[in-house]
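**Q**
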Amino acid sequence: MNDIIPIQFPDWYKRHDVTRFTDYAALAIRLADRFVLTSKRVTADMEEHAAGLGLHLPDLRLVPLGCDSARKSKADGSLPDGLEAGRYILFVSTIEPRKNHSLLMDVWRRLVQDGTVAHSGMKLVFVGRSGWMVDGVLEKLHSHPDYGQSLIHLDNVDDGTLSLLYQGSAFCVYPSLYEGYGLPPVEALAYGKALIASTGGAIPEVVGPFGLCLDPLDVEGWEKAMREWITSPEVRTCYEGKAGQFVARSWELAGRETLEATL
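Next up, the structure:
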């Protein structure tokens, strides 16, 4: 099981999806002989949820997700029009309330207003398709004063283009409010990119000492960190060095451990 976020934060999901997921989780706890979970955070969340229901959890096994080495990617081609290598910040995520695009939009407006963006020539790039309950997020994005100029949204991006976007980014950000794991931060680190991520859910567990983790509600903290990384590239160099030491788990290993956990 990847997470139980629909139970923990039902406001982020459609009501009928929350009901279905809650019923499914309760049934699974009663019937399953074993749960394979993706992080220590999800394990703790499951234990707390089961205790609240007065149910005993079955055997639990921890199997983190895989992310095959991005550094081996040999993607050919060029960046999307208007983007220059080293001149954009990348956020890869489905657009939905939980992913916290709103924080980045607020931070970016401030960085535009104080001249940081104009002086650096930096852009902020969102990559990802629209998810659910996104009307408010999309309205804010499309009405943002900098949308289509220094604030870019790309959807329907293929794997090759995504690889190029990771490779060409100045650094990556991931302000999600809560994750049961969080693959995009792992991908960013696997590409050797300096990363500012959130403290939501399992993200600090997954990122470890290799990235900078900030409170996803701390607009001022994100503003300060992003401004510093934009205006003083040498500050983020140490995080690029940390990312260079990051070793991602392979999907082969994750698959093998999942199989072993089910036997």
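Mapping to the numbering used here: the sequence shown position 263 is 260, numbers consecutive. For every residue, glycine included, the Cβ atom is placed at its ideal position computed from N, Cα and C. As the structure is a computational prediction, the values presented were derived from the model and not from experiment.
1. Taking the DSSP output, what are the residues bridged to Cys210?
2. Tell me, to the nearest whole angstrom, how far the beta carbon of Trp219 is from that of Pro172; I am working on the premise that it is less than 8 Å.
3. Rounded to a whole number of angstroms, what is the C-alpha to C-alpha distance between Arg106 and Asn(-1)?
4. What does the Cβ neighbour count give for Trp129, buried or exposed, with the cut at 16 atoms within 10 Å?
5. Specify whether the stretch 128 to 143 and the stretch 83 to 95 touch according to this definition: at least 3 beta carbon pairs, one from each stretch, less than 8 Å apart.
6. Within its chain, find whatever has a CB closer than 7 Å to the CB of Val104; leave out the 5 residues flanking it on each side and keep chain order.
7. Taking Leu148 as the reference, give the member of Glu231, Gly238, Leu87 and Ile193 with the closest Cα.
8. Expressed to the nearest angstrom, what Euclidean distance is found between the alpha-carbon atoms of Leu50 and Asp20?
9. So, do the stretch 45 to 65 and the stretch 177 to 184 have three or more beta carbon pairs nearer to each other than 8 Å?
10. Taking the beta strand (DSSP E) that His150 falls in, what are its first and last residues?
11. For Met11, which of helix, strand or coil comes out of DSSP?
12. Excluding the 5 residues flanking Val232 on each side, which residues of the same chain have their C-beta closer than 7 Å to its C-beta?
13. According to the neighbour-count rule (16 or more other Cβ atoms, all chains shown, within 10 Å of its Cβ), is Asn97 buried or exposed?
**A** Taking the coordinates as given:
1. By 1-based counting over the sequence shown, the position of residue 210 is 213. Cys210 has Ala194 as its beta-bridge partners, per DSSP.
2. Counting from 1 along the sequence shown, the entry for residue 219 is found at position 222. Counting from 1 along the sequence shown, the entry for residue 172 is found at position 175. Correct: roughly 7 Å between the Cβ atoms.
3. Walking along the sequence shown from the start, residue 106 turns up at place 109. Walking along the sequence shown from the start, residue -1 turns up at place 2. One Cα belongs to Arg106, the other to Asn(-1), and the distance between them is close to 34 Å.
4. Walking along the sequence shown from the start, residue 129 turns up at place 132. Classification of Trp129: exposed, given that the 10 Å Cβ count is below 16.
5. Here the stretch 128 to 143 makes contact with the stretch 83 to 95; the two share three or more CB pairs at distances below 8 Å.
6. As a first step, residue 104 must be located in the sequence shown, where it is residue number 107. Excluding positions up to five away in sequence, the list reads Val216, Trp219, Glu220 and Met223.
7. The residue labelled residue 148 in the question sits at position 151 within the sequence shown. Per the Cα distances, Leu87.
8. Locating residue 50 in the sequence shown gives position 53, where the first residue counts as 1. Locating residue 20 in the sequence shown gives position 23, where the first residue counts as 1. Near 12 Å, if we compare the C-alpha coordinates of Asp20 and Leu50.
9. Touching, yes.
10. Numbered from 1 along the sequence shown, position 153 holds the residue referred to as residue 150. Unbroken beta strand (DSSP E) run through His150: Leu148 to Leu151.
11. Locating residue 11 in the sequence shown gives position 14, counting from the first residue. According to the sequence shown, residue 11 is Lys rather than Met. It is coil, neither helix nor strand.
12. For the purposes of this step, residue 232 is taken as residue 235 along the sequence shown, with counting starting at 1. Contacts found: Glu225 and Trp226.
13. Here the question's residue 97 lines up with position 100 in the sequence shown. Result: buried.
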